[in-house]
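Worksheet for the structure shown next.
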Amino acid sequence: GKWFSWVHVYDPHAPYAPPPEWAAKFPSDPYLGEVSWTDFALGALFERLATLSRSTLVIVTADHGEGLGDHGELTHSLFAYESTLHVPLIIAELGGAQTSAPKGVTINTPVRHIDLLPTILDAAGAPAGPSLSGSSLRDLITFGDGADRPSYFEAMSANIARGWAPLRGVLVGREKFIDLPIAELYDLQADTKERRNIVAVRTDRERVLYNTLKSFNVAPPGRPQAESTDTVEALRSLGYIGGAVAAVRERYTEADDPKKLIALEQTMTQAMTAYRAGKVDDAIAMYKSVIARRADTEDAYRKLAFVYWQTGRPVDAVSTLEAALRAGVTQSEVKIKLGEYL
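Residue numbers (the working numbering): 32 to 373.
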């Protein structure tokens with residue numbers, strides 16, 4: 032009968048630590064080592080699928096890329112430049128009566144993750160229903176062209192955990208608009224690396240794309256819906272939940288723009304790297320430096336308290352979280368951790 036399987040491969044993902052064989056192959060680039068390891072692991076699965084008598088539709092994609100220093104972003108979730116937003120999408124048919132591999136085609140038209148479910152349903156001959164936001168890619172794959180699909184994107188982690196300005200944007204054809212206190216507009220065909228912000232000279236296009244973005248009618252970030260204990264613990268074990276939601280503000284200024292705060296993001300990443308390397312004093316100093324500059328950075332308090340707790344300094348851990356509450360940090364995770372440490 033028909034079957035469906037979701038295979039979630041966590042790598043490549045920071046911290047980059049590929050298996051020994053791949054670490055030896057890529058000693059100076061552990062990220063590439065994880066990419067190679069993932070390719071090997073998925074290859075074994077695909078080779079098995081290719082031997083089945085019935086064909087299998089295979090879709091490979093990613094939820095994000097890695098900045099690797101692009102625009103100063105070391106990992107992901109702060110910005111939404113192409114280094115983290117433009118991810119692979121491979122759609123293939125394996126197994127069945129095929130005697131040779133079909134010739135692959137590359138389609139440069141931007142598509143969206145919300146188009147994948149309608150595509151799968153279309154391929155399976157099942158109705159998509161009116162509630163789905165995306166549309167099937169079948170005609171685009173078959174004929175190689177199609178109408179522009181405006182793509183909404185966002186990067187909300189820094190807003191939710193730190194109270195920084197929320198990042199939302201829209202991609203239409205070759206134009207990409209990022210709505211921040213310091214707005215950004217790029218022509219991706221002429222400027223693939225997003226180095227020339229043309230928002231000041233193309234105010235006409237900024238207005239058009241801003242209105243397109245607003246047409247998505249995205250709700251502001253709010254409190255998550257209640258989940259079962261098992262679901263919460265499963266998500267927490269994967270690093271996908273923290274319970275931290277900053278207070279929503281009416282207005283954000285240029286001082287809240289993530290571009291102005293990239294140095295703090297880098298320090299946060301470097302602090303955790305230092306802790307994992309056993310450089311506890313360095314990690315503590317870096318977390319304190321972030322708090323000194325931006326006293327509402329919830330995860331700096333929480334991670335500093337974690338370092339104290341893990342290194343046998345419970346009094347300092349508690350006092351750090353109490354200082355966060357005095358500074359006006361509103362995220363519930365601080366209170367949860369304080370209760371645990373007490």
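Note that CB positions come from ideal geometry on N, CA and C, so glycine has one too.
These numbers were taken from a predicted model, which means no experiment stands behind them.
Query raised in the report: When the Cα atoms are used, what is the spatial distance from residue 358 to residue 243?
Result: Position 327 of the sequence shown, counting from 1, holds the residue named residue 358. Position 212 of the sequence shown, counting from 1, holds the residue named residue 243. One alpha carbon belongs to residue 358, the other to residue 243, and they sit about 38 angstroms apart.
Query raised in the report: Cα separation between residue 224 and residue 63?
Result: Your numbering for residue 224 matches position 193 in the sequence shown. Your numbering for residue 63 matches position 32 in the sequence shown. Distance between the alpha carbons of residue 224 and residue 63: 20 angstroms.
Requested in this report: For residue 136, name the three-state secondary structure that DSSP assigns.
Outcome: Stepping through the sequence shown from its first residue, residue 136 is reached at position 105. Here residue 136 carries a coil assignment [DSSP, helix/strand/coil].
Query - According to DSSP, residues forming a beta bridge with residue 215 - result: As a working note, residue 215 is residue 184 in the sequence shown. DSSP lists 209 as partners of residue 215.
Query - Expected contact under 8 angstroms - CB spacing of residue 127 and residue 85 to nearest Å - result: For the purposes of this step, residue 127 is taken as residue 96 along the sequence shown, with counting starting at 1. For the purposes of this step, residue 85 is taken as residue 54 along the sequence shown, with counting starting at 1. About 6 angstroms separates the CB atoms of residue 127 and residue 85; that is less than 8 angstroms, so the two are in contact.
**Report entry** Classification of residue 53 by the beta-carbon crowding that lies within 10 angstroms, buried from 16 upward
**Finding:** In the sequence shown, the residue the question calls residue 53 occupies position 22. Counting other Cβ atoms within 10 Å of its Cβ, residue 53 reaches 16 or more and is therefore classed as buried.
Query - Inter-residue Cα distance where the pair is residue 121 and residue 147 - result: Taking the sequence shown and counting its residues from 1, the one referred to as residue 121 is at position 90. Taking the sequence shown and counting its residues from 1, the one referred to as residue 147 is at position 116. Counting only the Cα atoms, residue 147 lies some 11 angstroms from residue 121.
Query raised in the report: Per DSSP, what kind of secondary structure is residue 255 in: helix, strand or coil?
Result: As a first step, residue 255 is located in the sequence shown; it is residue number 224 there, counting from the start. Its pLDDT being 49, under 50, residue 255 is placed unreliably in this model, and the coordinates cannot settle the point.
Query raised in the report: The beta strand (DSSP E) spanning residue 124 covers which residue range?
Result: Within the sequence shown, residue 124 is the residue found at index 93, counting from 1. Where residue 124 is concerned, the enclosing beta strand (DSSP E) stretches over 120–125.
**Report entry** Exposure of residue 337, with buried meaning 16 or more beta-carbon neighbours within 10 Å
**Finding:** For this step, residue 337 is matched to residue 306 along the sequence shown. Residue environment analysis places residue 337 among the buried positions, since at least 16 neighbouring C-beta atoms fall within 10 angstroms of its C-beta.
Requested in this report: Have a look at residue 339 and residue 370 and give me their C-alpha separation to the nearest angstrom.
Outcome: The sequence position of residue 339 within the sequence shown is 308, counting from 1. The sequence position of residue 370 within the sequence shown is 339, counting from 1. Looking at the two C-alpha atoms, the distance is approximately 15 angstroms.
Report task. Counting only the same chain and skipping the five closest in sequence on each side, list residues whose C-beta sits under 8 angstroms from that of residue 69. Result -> Residue numbering aside, residue 69 sits at position 38 when the sequence shown is read from its first letter. Hits under 8 angstroms: 40, 42 and 43.
Query raised in the report: Do residue 77 and residue 66 come within 8 angstroms of each other at the CB atom, strictly closer than that value?
Result: Reading the sequence shown from its first residue, position 35 is the one you call residue 66. Reading the sequence shown from its first residue, position 46 is the one you call residue 77. The Cβ atoms of residue 66 and residue 77 lie no closer than 8 angstroms to each other.
Query raised in the report: Helix, strand or coil for residue 97 per DSSP?
Result: Within the sequence shown, the letter at position 66 stands for residue 97. Correct three-state label for residue 97: coil.
Requested in this report: Inspect the CB distances between the stretch 104–117 and the stretch 295–310 and report whether three or more fall short of 8 angstroms.
Outcome: Counting C-beta pairs closer than 8 angstroms gives three or more between the stretch 104–117 and the stretch 295–310, which meets the contact rule.
Query raised in the report: Can you give the beta carbon distance from residue 329 to residue 186, rounded, assuming they're within the 8 angstroms contact cut?
Result: For the purposes of this step, residue 329 is taken as the residue at position 298 of the sequence shown. For the purposes of this step, residue 186 is taken as the residue at position 155 of the sequence shown. Incorrect: roughly 17 angstroms between the Cβ atoms, too far for contact.
Requested in this report: Within the same chain, show all residues whose beta-carbon is closer than 8 angstroms to that of residue 164, passing over the 5 residues directly before and after it, in chain order.
Outcome: Residue numbering aside, residue 164 sits at position 133 when the sequence shown is read from its first letter. The answer, listed in chain order, is 145.
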